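Here is the structure we will look at, set down as C-alpha cells.
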Amino acid sequence: MKKGILLTFLMVFSLSAILAGCGGNNGNSKSGNSGNTGKSNTNQSAGENSGANSGEGTAEKLSGKVTFLTNRTDMIGKEYDEYVKRFNEKYPDIKIEFEASQTDYNQQIKVRMASGELPDLMFIPDIPNSDLPKYFASLDDLQFSSELTFKDFKSYDGKLYGITTGNSTSGIVYNKKAFADAGITEVPKTWDDFLAACEKLKQNGVIPLSSNFKDKWPLGSWVYDMPRIIENNKDFPNERINMEAPFSMDNGYGKAMMLLKTLNDKGYLEKDINSTNWEQSKKDIANGKMAMYFLGNWVINQVIGVGAESDNIGFFPLPFDNSGSNRAPFNPDFFYAVNKDSKNLEATKAFLTWMIEESGYEDFAGFISPLKGRESKLSQLAEFQATGVEMQEGVADDPKVIEISNKAQIDLPAIAQEFVLAKDPQAVLDKWNKAWAKAKKELGY
Amino acid sequence: MFRTMTYNRQKNIIIFTFLLIPVALLLLFTYYPAAKLVFFSFTDWDGYSPEKPWVGLDNYKEVFSNPDIFGVFTHNFAYFVMGLIQNVVAIYFAVVLNGRLRGRNGFRLLLFLPYIMNGVAVAFMFGYVFDTTQGSLNLFLNSIGLTKLGETSWLGTAGLVNYSLASTGLWRFMGYNMVIYIASLQAIPKDIYEASKIDGANAWQTFWRITLPNMKPVIQLNLFLTVTGALEVFDLPFVLTKGGPAGASQTYVQRVVDTAFAFNNYGLASAMSIILLFFVIAVVGLQQFVLSRGGNNK
Numbered sequence: 001m002k003k004g005i006l007l008t009f010l011m012v013f014s015l016s017a018i019l020a021g022c023g024g025n026n027g028n029s030k031s032g033n034s035g036n037t038g039k040s041n042t043n044q045s046a047g048e049n050s051g052a053n054s055g056e057g058t059a060e061k062l063s064g065k066v067t068f069l070t071n072r073t074d075m076i077g078k079e080y081d082e083y084v085k086r087f088n089e090k091y092p093d094i095k096i097e098f099e100a101s102q103t104d105y106n107q108q109i110k111v112r113m114a115s116g117e118l119p120d121l122m123f124i125p126d127i128p129n130s131d132l133p134k135y136f137a138s139l140d141d142l143q144f145s146s147e148l149t150f151k152d153f154k155s156y157d158g159k160l161y162g163i164t165t166g167n168s169t170s171g172i173v174y175n176k177k178a179f180a181d182a183g184i185t186e187v188p189k190t191w192d193d194f195l196a197a198c199e200k201l202k203q204n205g206v207i208p209l210s211s212n213f214k215d216k217w218p219l220g221s222w223v224y225d226m227p228r229i230i231e232n233n234k235d236f237p238n239e240r241i242n243m244e245a246p247f248s249m250d251n252g253y254g255k256a257m258m259l260l261k262t263l264n265d266k267g268y269l270e271k272d273i274n275s276t277n278w279e280q281s282k283k284d285i286a287n288g289k290m291a292m293y294f295l296g297n298w299v300i301n302q303v304i305g306v307g308a309e310s311d312n313i314g315f316f317p318l319p320f321d322n323s324g325s326n327r328a329p330f331n332p333d334f335f336y337a338v339n340k341d342s343k344n345l346e347a348t349k350a351f352l353t354w355m356i357e358e359s360g361y362e363d364f365a366g367f368i369s370p371l372k373g374r375e376s377k378l379s380q381l382a383e384f385q386a387t388g389v390e391m392q393e394g395v396a397d398d399p400k401v402i403e404i405s406n407k408a409q410i411d412l413p414a415i416a417q418e419f420v421l422a423k424d425p426q427a428v429l430d431k432w433n434k435a436w437a438k439a440k441k442e443l444g445y
Numbered sequence: 001m002f003r004t005m006t007y008n009r010q011k012n013i014i015i016f017t018f019l020l021i022p023v024a025l026l027l028l029f030t031y032y033p034a035a036k037l038v039f040f041s042f043t044d045w046d047g048y049s050p051e052k053p054w055v056g057l058d059n060y061k062e063v064f065s066n067p068d069i070f071g072v073f074t075h076n077f078a079y080f081v082m083g084l085i086q087n088v089v090a091i092y093f094a095v096v097l098n099g100r101l102r103g104r105n106g107f108r109l110l111l112f113l114p115y116i117m118n119g120v121a122v123a124f125m126f127g128y129v130f131d132t133t134q135g136s137l138n139l140f141l142n143s144i145g146l147t148k149l150g151e152t153s154w155l156g157t158a159g160l161v162n163y164s165l166a167s168t169g170l171w172r173f174m175g176y177n178m179v180i181y182i183a184s185l186q187a188i189p190k191d192i193y194e195a196s197k198i199d200g201a202n203a204w205q206t207f208w209r210i211t212l213p214n215m216k217p218v219i220q221l222n223l224f225l226t227v228t229g230a231l232e233v234f235d236l237p238f239v240l241t242k243g244g245p246a247g248a249s250q251t252y253v254q255r256v257v258d259t260a261f262a263f264n265n266y267g268l269a270s271a272m273s274i275i276l277l278f279f280v281i282a283v284v285g286l287q288q289f290v291l292s293r294g295g296n297n298k
C-alpha cells in the first residue's frame, strides 16, 4: 500500500497549494475590492485636484524614502513619474518608490498586514474600522485647503485613519448619438420615460443598456447604491442589523433588483446576459452599438479611453421611480492610509497631502475631488450636477452587518443575478432572508 | 578525511547531503503550509489579524450541517464524465500515433501543446469561443446552417454550462494523458505482439488482450489524475462564469476560495479543504479497490 501513502502526500501538496498559493493565481480578478463599498473594480482610480496650499513651512527639509503600493499599475512609469517630478520640485529630498500590486490589491495588503511588511503609503483593504489603529497612523494633523469629504468613513475613536482618494457617484452613462438617432430628445426624468427611451433604442437596433451581468461586479450599483437611494435613507444598509428579513419585494433591495429584472424581461439588456464581455462593451458604448451603462462615473474615462468622443458621452442620474425625485449616491473610492510604523512618517504624510492637493490624480482617474467644494473638470460630471440631483453621501458599513453578511455568505450582486434569472424571485429573497436570520442568530446580534 | 570512514558511512553522508536541500524545500513549501492548513481549520481566523481564536471542531460541524456546501459536487460530475471521455480519446490517439505514421511527431506535438498553455489564458480564449452572440462556436454553427443550435448560450444554460467548461478541460489535458499512454505503450515488449501475430490475432484482439492489460497501471494513474482533477477544478469556472448562471457552475474549490477570500472566513475554508482532501482519498481508495479486484495486484 506504499502507493497509497505516496498518493496521499501528492494530494496534501496539491490541496495546500489551493489555499496557500491561490491569491496570486487569479490573473484577471476584476472584483478584487469587494469590501470597498461596492462598484470598485481594479481599473478604477482616485481623484486629484490641482490646487492651493504649498504644505508646511518646514516641509522642504523632509527627506527619506516613501514606498507606495498602488493598484494603478498602468500609471507606473507614466503619470506617476510625472507626479514625482513635480513633487520633487517641492520636496527634493524625498524619494518615492512605487510598488505594483499583483492582481488582487485587497488580498495582497492583508497578506502584508499579517506578515508586518506594509509599505509606507497604501490603500485601506476591507477590514473593520476597529482594526485601523493597529496598522495605520492617525492623519488628524494633516492640513488641507478645504475640508475633506468622508471624514468619518475610516475613523475610529474620533481619529482619522483614511483619506479618500476620490469620490464617485453612479448613474446612467450614455452615448448621446445613439440617443439622438433613436429620437430621444431629452434625458428621461421618470422610470416610465426611461423604459420608453429603452424601447426606442431597441427599435433602432441598439442594445439599450449594457449590464455586464455575467461579470457580476458591474451589478454593484444596483444593489449597493440603489436600495438606500430608493429608500431615501443613507443608513438603510446598516439598519439591516435590526431586521430579521432584510430582503423584501417592497423595500429598497427588492425594488432595486426588480428594476434590473424589468429591464431584462423587456429585452432591454444584452441578448444573452450570461454571455457578456466587459472589454467589448466599452467599445460598443463608444461606437453606439450599446447605448447605456449604469455604473460609477469612473467608467466615463474608460469609455473615452477606447475611442469615444468626450462630447458624445453623457451622464445623468437613473430615474428609479415615477415621482420625479432626483437622487444619486455619493461614494468614496479607495482610502489612502499611512503605515504607523513607517520610518519616514512625515515624508509620507507630505506626499499624501501633495497627492490630495496638487497631483491632479482625480481628474486623470475621473473622480470627484476628495476636498469639499472643488469643481470637477470633467464635463460629464458637471452635466450630472446640472440636473439638480441631490447627492446622498454613503456611510461606513457597520462591521456587525458585514460580519453577518460574511457569515451568511451574502454577496449582493450574486443575489441580484439569482433574482433576475429566477422564475420566482420571492423564493430567492426568502432563501437569503433565511441565511441572514440564521447567521444573525448565531452571532447573537 | 574520507579515508578513515567505512564505505557505508561515506555512502550515507553522500545520500544525506544530496537529499538535504530538496527535502528541506519540500518540508518548507509543502508540509509546513499543509500543517498550517490543518491548524487554521481549527481556528476562526479572518485572514489577517494576529489573533487566531481556537474553535475546535466548530468549522467541521458547520460544513456538515450545511447540505448546500456538498450540493456543488453535483457540478463536478460533468468534469468526471468529460474526464472519462478524455481518457478514451487519449488512448485512441496514443495507439494511432504509436504506429507507423508519417509526421507522427508533429501530430503528437499538436495534441500536447494545449497542455503547456497557461490555464487562465486557455479559459480566456474559450470565453471568446463560447460567447453567445459573437463567439466562434456559434458563428461556425450558423455558417453551416445550424441556426437553431447556433443560438445556444453555452455558458448561460444551467444544465449545459458544466459540460461546456469540462470540454475545455478535455481539450487541454487530453494531450497530457496521451503522452503518458504513449510512454507506457512503448514499454510493452515487441515480442509479445510478434507472438500474437504468429498465433493469428487480429488488431482488435491485440489491443484488447495485450495492449490494454499492459497499460492497466498507467490507466489507473490517469484515472486518478482525472478524478482528482474533476474534484478540484477551479480556474475554468472562476475565469469564465464566476460560478454563474446563479451558481450553476460553482465548484467546491471555488466555494472554498470564496469563503476564504470574499467572506474572510479562513478557518471554515481550511476545514473545507481538509474535508476535500479526505473526500479525494476516499474516492481514490474506492477506485483503487474496484480496479485492482480484477487482476493480479501489480
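Heads up: the protein sequence lines correspond to chains A and B, in order.
Anchor point for the first sequence: position 178 equals 178 in full-length UniProt numbering, and the numbering is continuous, going up by one each time.
Anchor point for the second sequence: position 232 equals 232 in full-length UniProt numbering, and the numbering is continuous, going up by one each time.
No residue lacks a Cβ here, since even glycine has one placed at the ideal position from N, Cα and C.
Since the structure is predicted, the reported quantities are computational estimates derived from the model, not experimental observations.
Just the Cα atoms here: how many angstroms apart are valine 256/B and lysine 52/B? In a straight line, the C-alpha of valine 256/B is about 19 Å away from that of lysine 52/B.
Would you mind listing the alpha helix (DSSP H) stretches within the region 224-274 of chain B that are 4+ residues and don't spill past its ends, in chain order? At a cut-off of 4 residues, the continuous stretches assigned as alpha helix (DSSP H) that sit fully inside the region 224-274 of chain B are 235-240 and 252-257.
Assigned exposure category for asparagine 36/A - 16 Cβ within 10 Å defines buried: At asparagine 36/A, the pLDDT of 39 sits below 50, so the modelled position is not reliable and the matter cannot be decided from this model.
Inspect the CB distances between the region 236-249 of chain A and the region 299-314 of chain A and report whether three or more fall short of 8 Å. Because the criterion of three Cβ pairs below 8 Å is not met, the region 236-249 of chain A and the region 299-314 of chain A do not touch.
Take phenylalanine 351/A as the anchor and find which of Glu79/A, Lys78/A and Asp120/A has the nearest alpha-carbon. For phenylalanine 351/A, the nearest C-alpha among the options comes from Asp120/A.
Does the beta carbon of aspartate 74/A sit closer than 7 Å to a beta carbon anywhere in chain B? It does not: the Cβ of aspartate 74/A has no partner Cβ on chain B nearer than 7 Å.
Would you verify that the beta carbon of serine 170/A is, or is not, closer than 7 Å to some beta carbon of chain B? Taking CB atoms only, serine 170/A has no neighbour in chain B less than 7 Å away.
Rounded to a whole number of angstroms, what is the C-alpha to C-alpha distance between aspartate 104/A and aspartate 333/A? Straight through space, the alpha carbons of aspartate 333/A and aspartate 104/A are spaced by roughly 16 Å.
So, is the C-beta of lysine 39/A closer than 7 Å to a C-beta in chain B? Any answer about lysine 39/A is weak, because its pLDDT of 37 lies below 50 and its placement is not dependable; what the coordinates show is given next. Closer than 7 Å: no.
Name the DSSP beta bridge partners of phenylalanine 112/B, please? None, per the DSSP bridge assignment.
Tell me where the beta strand (DSSP E) around arginine 374/A begins and ends. Unbroken run through arginine 374/A: none, as it is neither H nor E.
Residues of chain A with a CB under 8 Å from the CB of serine 153/B: which are they? Ordered by position in chain A, the residues that pass the 8 Å Cβ test against serine 153/B are Asp272, Asn274 and Ser275.
Glutamine 417/A to phenylalanine 130/B, Cα distance in whole Å? Between glutamine 417/A and phenylalanine 130/B, the C-alpha separation is close to 20 Å.
Residues of chain A with CB under 7 Å from aspartate 44/B, in chain order? Result: empty, since nearest Cβ-Cβ is about 11 Å, beyond 7 Å.
Sub-7 Å separation of valine 120/B and serine 249/B beta-carbons: In this structure, serine 249/B does not lie closer than 7 Å to valine 120/B by Cβ.
Distance, glycine 314/A Cα to residue 468/A Cα: Examination of residue 468/A is not possible in this model, given that chain A is present from 1 through 445 alone.
With distances taken Cα to Cα, identify the nearest neighbour of lysine 340/A among Gly116/A, Lys289/A and Ser101/A. Selected option, being the one with the closest Cα: Gly116/A.
Let me know the alpha helix (DSSP H) ranges lying completely inside the region 174-219 of chain A, each 4 residues or longer, listed in chain order. The qualifying runs are 176-181 and 191-203.
Is the beta carbon of cysteine 198/A sitting closer than 7 Å to the one on tyrosine 268/A? Going by C-beta atoms, cysteine 198/A is nearer than 7 Å to tyrosine 268/A.
Considering Cα atoms alone, identify which of Phe42/B, Leu25/B and Val63/B is closest to alanine 408/A. Just measuring C-alpha positions, the residue of Phe42/B, Leu25/B and Val63/B sitting nearest alanine 408/A is Val63/B.
Just list the alpha helix (DSSP H) runs in the region 63-90 of chain A, keeping only unbroken ones of 4 residues or longer that don't cross its boundaries, in chain order. Counting only unbroken stretches of 4 or more residues, the alpha helix (DSSP H) elements lying wholly within the region 63-90 of chain A are 79-90, in sequence order.
Could you check whether alanine 178/A and alanine 291/A sit closer than 7 Å to each other, using their CB atoms as the reference points? A contact, by the Cβ cut-off of 7 Å.
Cutoff 7 Å; reference serine 101/A; Cβ partners in own chain excluding five residues on either side: So the list reads Leu69, Thr70, Asn71, Thr73 and Gln108, once near-sequence residues are dropped.
Taking the alpha-carbon positions, what's the alanine 427/A to leucine 132/A distance? Cα to Cα, the separation comes out at about 39 Å.
Buried or exposed (CB count within 10 angstroms, at least 16 for buried), alanine 269/B: Per the 10 Å Cβ criterion, buried.
Whether or not the region 56-74 of chain B and the region 183-197 of chain B are in contact is what I'm after, with contact meaning three or more pairs of Cβ atoms, one per stretch, closer than 8 Å; do they touch? Too few Cβ pairs lie closer than 8 Å, so no.
Applying the 10 Å Cβ sphere with the 16-neighbour rule, what's the burial state of phenylalanine 207/B? Burial is judged here by how many other beta carbons sit within 10 angstroms of a residue's own beta carbon; phenylalanine 207/B has fewer than 16 and is exposed.
Quick check on the burial criterion: 16 or more other C-beta atoms within 10 angstroms. Buried or exposed for asparagine 33/A? Low confidence applies here, because asparagine 33/A scores a pLDDT of 37, under 50, leaving its location unreliable; read the following figure in that light. Buried.
Under 7 Å between beta-carbons, which chain B residues line up against lysine 110/A? List them in chain order, please. Neighbours of lysine 110/A across chain B, judged by C-beta separation under 7 Å: Gly47 and Tyr48.
Tyrosine 92/B: which of Ile219/B, Val233/B and Leu225/B sits nearest, CA to CA? Checking every option, the nearest Cα to that of tyrosine 92/B belongs to Ile219/B.
Taking the alpha-carbon of proline 114/B as reference, which of Gln86/B, Tyr176/B and Gly150/B has the nearest alpha-carbon? Closest option to proline 114/B, Cα to Cα, is Tyr176/B.
What are the boundary residues of the alpha helix (DSSP H) that includes phenylalanine 98/A? Residue range 94-100 is occupied by the beta strand (DSSP E) that includes phenylalanine 98/A, with no alpha helix (DSSP H) assigned at that position.
Quick one: complete alpha helix (DSSP H) runs, 4+ long, within the region 14-49 of chain B? The qualifying runs are 32-40.
Between Thr132/B, Leu155/B and Gly159/B, which has its C-alpha nearest lysine 148/B's C-alpha? Out of Thr132/B, Leu155/B and Gly159/B, Thr132/B has the C-alpha closest to the C-alpha of lysine 148/B.
In the DSSP output, which residue or residues are listed as bridge partners for threonine 164/A? For threonine 164/A, the pairing in a beta bridge is given by DSSP as Phe335/A.
Start and end residues, beta strand (DSSP E) containing phenylalanine 294/A: If you look at phenylalanine 294/A, you'll find it in the beta strand (DSSP E) that goes 290-296.
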